Every structure is written in structure tokens, then in C-alpha cells.
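Everything on this sheet refers to the single structure shown next.
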Amino acid sequence: MAGEIPPAQPPPGPPPRPLLWRWRPNPLRRRTDTLQAWFGLGVLVAVLAVAPVAAVLVGDAARGHYEDTARHQNQTRHQTDATLTRDAPRHPEPGSDEEKKTRYPVDVRVVTRDGRVRTTRTEVQPGLTAGNTVRIWVTADGEASEPPLTRKEVRSRAMGWALLAAIGVALTGAAVHALTGLALRRRNLDEWDIAWAETAPRWTTPT
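Just so we're aligned: 35 in the UniProt record's numbering is position 35 of the sequence shown, and the numbers increase by one with no gaps anywhere.
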């Protein structure tokens, strides 16, 4: 129909990318927008550079710590036969998969390296009766303990700490970027208040 105003059309070319809006020339772009864009890029580069280094350093330190721990455990722990002093509880469903995984704590009698007989407490399979013998790890004084760390466990724990270090660097970078953005937004609001205080009188009609 003649005289109708055609609907607005988007400008030609590809649509602008939301992540790059702070970089595009724009009369409404503030100096803080450019500053925040450059700061975000700097944080990203810093995280990419520091995270691998932190992971290597922390992972190496953790590996050394757990290797020392495993070495100490191998020197102070040993396997020995332990005799049950009472019956272990029976699982409600004998022969089930849960029975194979379930362990019950019972008192057992062991002989230490220096020949002393003592009683300690360990977890055994259900259904074992008093007098049965199980193979357990004990400390030098005959206290039941976990087996020493294996190479696989040392490696797994070291890798876990390395991953945590890298994640920590990334989270720190994200927190710094968020706090900086918050500070810049507050600055923008303050500048807006100042600018509005100067402009408002021009929009008011004296009475």
C-alpha cells in the first residue's frame, strides 16, 4: 500500500558477535568497556600460561610426597596372619554380589615382629568363624592398617592434585575477572550519575 513505512531491516553483512561487542567501534562504547575487554583477554592469557605450570609444580610436589609416604609405609608395615577371636556376622543374602563386597569389623589376634601376641581389629568377609585365619597388613606394633600405597595410587593422587591446581588457577582468574567487571560497572554507574546530574536540569521546566 502506497505511503506505508517499510519495516526496519537489519544492516547488511554477518550479524555481530556478542562476545566481541566491546571491541567494535560504537559511539556508545565507554572507555571502561575497552578496558574490561583488554583485561579479560589478559586474564585468559594468564590462566592459559599459569595453569599448566601450576599443575606440573603441584603434581610433582604431590608425587614426591606420596612416594615418600609409600616408602615409609613399606618400611613400617608388613603382612601377617591374623586369627579371628570370634565369629564374623553373616550376610543376610549368602552368595550374593553384596556379600562378596561386604566386610565386617572383628577382633583378630596377631603376632608382631618382636614376637608379642596382641589383639587388633580389622574387616573380614562375612561368615568367617572364630579360629579362621586371614592375611592382613599391620604396623610394627601389630595394629591393623591399610596396605602401602601402590605406584598406581601414587600416580592417581598426584594427577588429582595437578588437576585441582589447574582448576584453582582457572577459578581464580574467573573470580578476578568478575570482581574487576563489578568494579568497572560501579564506576560506570557513578559516571552516569554525574552525567545525569549535569544533563537533568536541561530536561526540566522551571516552575
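Every residue, glycine too, gets a C-beta built ideally from N, C-alpha and C. Everything numeric in this text was worked out from a predicted model, so none of it was measured.
Distance between beta carbons of residue j and residue i, contact taken as under 8 Å
i, j, result
"V154", "R63", "6 Å"
"A144", "T120", "4 Å"
Per-residue burial, residue i [other beta carbons within 10 Å of its own, 16 or more giving buried]
i, result
"Q36", "buried"
"P201", "exposed"
"A88", "buried"
"G59", "buried"
"G173", "buried"
"A162", "buried"
"A82", "buried"
Boundaries of the beta strand (DSSP E) in which residue i is found, first to last residue
i, result
"R77", "77-84"
"R135", "133-139"
Distance CB(residue i)-CB(residue j) smaller than 8 Å
i, j, result
"I136", "T122", "yes"
"R86", "V106", "yes"
"L84", "V117", "no"
"V124", "R77", "no"
"D141", "T112", "yes"
"V134", "V43", "no"
"A46", "A165", "no"
"P126", "R157", "no"
"T32", "R187", "yes"
"A49", "A170", "no"
"Q73", "P148", "yes"
Coil, strand or helix - residue i by DSSP
i, result
"D114", "coil"
"T129", "coil"
"R157", "helix"
"W203", "helix"
"A88", "coil"
"T32", "helix"
"E146", "coil"
"T120", "strand"
"R71", "helix"
"R109", "strand"
Residue i beta carbon near the ligand GDP (any heavy atom closer than 7 Å)
i, result
"F39", "With respect to the ligand GDP, the structure shown offers nothing to examine, as it has no ligands at all."
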